Each structure stands twice: as C-alpha cells, then as structure tokens.
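Please read the structure below before turning to the comments.
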Amino acid sequence: MKTVGASVIAAAAVGAGMLVAAPAASAATAGAAASYNGVCGSGYKVVNSMPVGSTGTVYLTYNASNGKNCTVTVRNSTGSPTYMVAYVRNVDTNEDQYDEGEYRSYAGPVYVAARGACVEWGGVIGSQQAWNFGSNCGTLAARTPQKDWFAGER
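Numbered continuously in the numbering used here, the sequence shown closes out at residue 325.
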C-alpha cells in the first residue's frame, strides 16, 4: 500500500486526456462480472461498485464499526500478472491510499478513515480504468454529492 496525493493519480489520468465518460453506473458489463472477494475483512459491506471495462470490477466497502472505507479491484478471471490499481481517498482530509502492481487476481485492499465524509475511489486493470469522484458521502444532508464516474483506456 502506498500513500499519494489524489491529484497525482487523477491528474495524470485526466491531464493525459485518457478518461472517457461512461454510461450510468447501473449499466451491465459484458461477460461475467468479478465478485467481491471479501479481502477487506470482517464487518466490511459493499456500498458501491463499478465495472473496469470488461476486465473486472472495483468495489468500495464500508465498515460502520470502525468508520473506514476499503477499495479492492478484482479481475473477472485470474491470469498472468497484469498491472492493477486500487485507490481510495477521503475528500475532507485528503488522506488516501493506493495499491499498484502486477497482480493475477486483485489489487488492494486499501483503507481510509471516512466516517461522515465523501470519498473518491477507483481502479485500473491493464489498460482499463474506472474512477468515482466525491461519492458515497457519509453526511448526505450537508452536501450535494457529485456522482460522476469515468472509465476508459488509460
């Protein structure tokens, strides 16, 4: 796991002009979707997910007892090592974590304390990526959260 400023990953992807608006988050992906594998640990429940192209799924989980979010990026099928990223950031505190490397099945888990805060999260599998900015806010009444998400080639 590594800590990095959110702007490093997001700006690199956006600045390079490689993000493309994706269809609504509820849109189905082709092929068998990767299932959440439970690696965040006991007490973590899936609160959101996004397809990473047709290669896998990135999951955002939350543990109400400790106030932490966890992100894991899971491939649809295990195979030879492929570049992968799992990323999560607390928008209010700018605390973020990411895991990147060559993995056979998943990247992560990565954790950030975010009770009552909005988070940014996303993942990469090979040349496909998906990012969600300012969603899953703990205090929805106090904010007008953005629910934008982007996916495409990196």
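Idealized CB from N, CA, C, for every residue including glycine. Being a predicted model, the structure only gives us computed values, none of them experimental.
- Item | residue 292 versus residue 225 - alpha carbon distance | By 1-based counting over the sequence shown, the position of residue 292 is 121. By 1-based counting over the sequence shown, the position of residue 225 is 54. Roughly 18 Å separates the two Cα atoms.
- Message: Based on DSSP bridge pairs, tell me the residues matched to residue 291.
- Response: Counting from 1 along the sequence shown, the entry for residue 291 is found at position 120. Answer is 260, bridged to residue 291.
- Query: Mind checking whether residue 215 and residue 307 have CB atoms under 9 Å apart?
  - Reply: What you label residue 215 is simply residue 44 of the sequence shown in a count that begins at 1. What you label residue 307 is simply residue 136 of the sequence shown in a count that begins at 1. Not in contact: residue 215 and residue 307 (Cβ atoms no closer than 9 Å).
- C-alpha gap between residue 229 and residue 243, whole angstroms: Within the sequence shown, the letter at position 58 stands for residue 229. Within the sequence shown, the letter at position 72 stands for residue 243. The alpha-carbon atoms of residue 229 and residue 243 are separated by roughly 6 Å.
- Message: By alpha-carbon positions, which one of 205, 227 and 218 ends up nearest to residue 299?
- Response: Against the sequence shown, residue 299 aligns to sequence position 128. The candidate whose alpha carbon is nearest that of residue 299 is 227.
- Message: Let me make sure I understand the geometry here. Which of 213, 273, 288 and 289 has the alpha-carbon closest to that of residue 251?
- Response: Here residue 251 is taken as the residue at index 80 of the sequence shown, counted from 1. Comparing Cα positions, the closest option is 273.
- Query: Out of 239, 210 and 246, which has the shortest C-alpha to C-alpha gap to residue 275?
  - Reply: Position 104 of the sequence shown, counting from 1, holds the residue named residue 275. With distances taken between Cα atoms, residue 275 lies closest to 246.
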